[in-house]
Amino acid sequence: MPKHIAVITSGGDVPGLNACIRAIVHAAQHEGVAVSGVRHGYDGLMRGEIMPLNTDSVHDIMQRGGTILHSARSKRFETAEGREAAAKALKKTTIDSLIVIGGDGSLTGAGLFAAEHALSIIGIPKTIDNDVTGTDTCIGYDTAVNTAMQALDRIRDTADSHERMFVIEVMGRDSGYIAYAAGLAGAADGILIPETTTDWNSLTSVLKERHAGRRGSLLIVVAEGDESGGAQKLGDRLCREFPDEKIGVCVLGHTQRGGAPTAADRILASRFGVAAVDALIAGKTNLMAGVDGGKLVFTPLSEIRRRHLELTAERQRLLTVLL
Ligand code: ATP
Numbered sequence: 001m002p003k004h005i006a007v008i009t010s011g012g013d014v015p016g017l018n019a020c021i022r023a024i025v026h027a028a029q030h031e032g033v034a035v036s037g038v039r040h041g042y043d044g045l046m047r048g049e050i051m052p053l054n055t056d057s058v059h060d061i062m063q064r065g066g067t068i069l070h071s072a073r074s075k076r077f078e079t080a081e082g083r084e085a086a087a088k089a090l091k092k093t094t095i096d097s098l099i100v101i102g103g104d105g106s107l108t109g110a111g112l113f114a115a116e117h118a119l120s121i122i123g124i125p126k127t128i129d130n131d132v133t134g135t136d137t138c139i140g141y142d143t144a145v146n147t148a149m150q151a152l153d154r155i156r157d158t159a160d161s162h163e164r165m166f167v168i169e170v171m172g173r174d175s176g177y178i179a180y181a182a183g184l185a186g187a188a189d190g191i192l193i194p195e196t197t198t199d200w201n202s203l204t205s206v207l208k209e210r211h212a213g214r215r216g217s218l219l220i221v222v223a224e225g226d227e228s229g230g231a232q233k234l235g236d237r238l239c240r241e242f243p244d245e246k247i248g249v250c251v252l253g254h255t256q257r258g259g260a261p262t263a264a265d266r267i268l269a270s271r272f273g274v275a276a277v278d279a280l281i282a283g284k285t286n287l288m289a290g291v292d293g294g295k296l297v298f299t300p301l302s303e304i305r306r307r308h309l310e311l312t313a314e315r316q317r318l319l320t321v322l323l
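Numbering (the numbering used here), first residue to last: 1 to 323.
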């Protein structure tokens, strides 16, 4: 039975981190376990930046984006020496268990840390890119997709009025999850993702056909890591295909990381937070919480990898019919 749990947010921030911290604090306090927050991710852990948390300190954070604990990346923690420093800092406290909310990098680090220093650690997946194995979805992904979709809707209004073509870049250096989902939900005319190579001739012939039919606006969604080089380069290339058109380019960038989390993300974060505390109380360790078909599941941290959007037959069918 843990006596003192600490929670860390590590890697890029996402909407829903605060909802998860809140759930962890409530669950720990409900079970009579002390709970603290580590500020500034692994970097802060090595420096012993630890603050006590209670239900009062998390009473109005459910709806807030970002993380009250702040987040960071730390090269030093990637070394055995850095993790040794973090373990030493922990030994100076009464903390006996950790909950790490992070992406595949942070969770890999958590697995190494737990194994090297015999620590009890439960991981929780968060990333707007949704590119972590062991779970259908991660905290932050749903909000980011909704933010991108709303941006597409807004651009659609102005693009439609002037019958213009727009290229919209969404986040995803290696992952097409946001582009695929936001593009589908925003009724895009083209979706370009890093996982596939775009057939340029077929894309431009579809766009030319629609353009000639004066169908109104044309929206193309591109993930930042797509082989086209992103929105600006793609826009330039399309300008050469459509010399008479003024093609708009919009990079959504960090707007996708901020804002109030959706209900789906708040509930997912709350489920993961409570499940992580329950798991520690049940004596489980070195696992990541996830969902599989709606059910809570746990996967060993050592098995967590980065994943890519798989263009299943159903996903491909939707692209074929709806784009
Ligand atoms: P996201 O990619 O969504 O921002 P992430 O957790 O994958 O989240 P990373 O930058 O990959 O983000 O990792 C965050 C931190 O986790 C790193 O700065 C480092 O301290 C630690 N970390 C990452 N990979 C490893 C690793 N292989 N071994 C040990 N620690 C790692």
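The C-beta atom is built at its ideal place from N, Cα and C for all residues, glycine as well.
Model, not experiment: these values are computed from the prediction.
Within its own chain, the residues whose Cβ lies closer than 6 angstroms to the Cβ of G183, once the five positions on either side in sequence are excluded, are I191, V221, listed in chain order. In terms of Cβ geometry, D136 and V291 form a close pair [threshold 7 angstroms].
Between G294 and the set E49, I99, G134, the nearest pair of CA atoms involves G134.
Residue side-chain check: G213 keeps its Cβ at 6 angstroms or more from all non-hydrogen atoms of ligand 1. A check of alpha carbon separations from N146 across D265, D174, A72 identifies D265 as the nearest.
The criterion of a C-beta distance shorter than 7 angstroms is not satisfied by I124 and A28.
For G16, the CB stays at least 6 angstroms from every heavy atom of ligand 1.
The region 43-53 makes contact with the region 82-98; the number of CB pairs closer than 8 angstroms reaches 3 or more. The beta carbon of T137 sits no closer than 6 angstroms to any heavy atom of ligand 1. For L112, the shortest C-beta to heavy atom distance toward ligand 1 is below 6 angstroms. With respect to the 7 angstroms criterion, A148 and L252 are classified as neighbours on the basis of their beta carbons. Going by C-alpha positions, A80 is about 15 angstroms away from L107. Going by C-alpha positions, M288 is about 53 angstroms away from D244.
For P2, same chain residues with a beta-carbon under 7 angstroms away, outside a window of 5 residues either side, are V33, D96, S97, S120, L280, I281 in chain order.
The beta carbons of I101 and K75 sit no closer together than 7 angstroms.
Look at C239 here: in three-state DSSP terms it is helix. Of the candidates D129, S205, V274, S205 places its Cα closest to the Cα of F242. Taking 7 angstroms as the cut-off, the beta carbon of G41 is found no closer than this to the beta carbon of G258. For the 7 angstroms CB-CB criterion, S228 and A159 do not form a contact.
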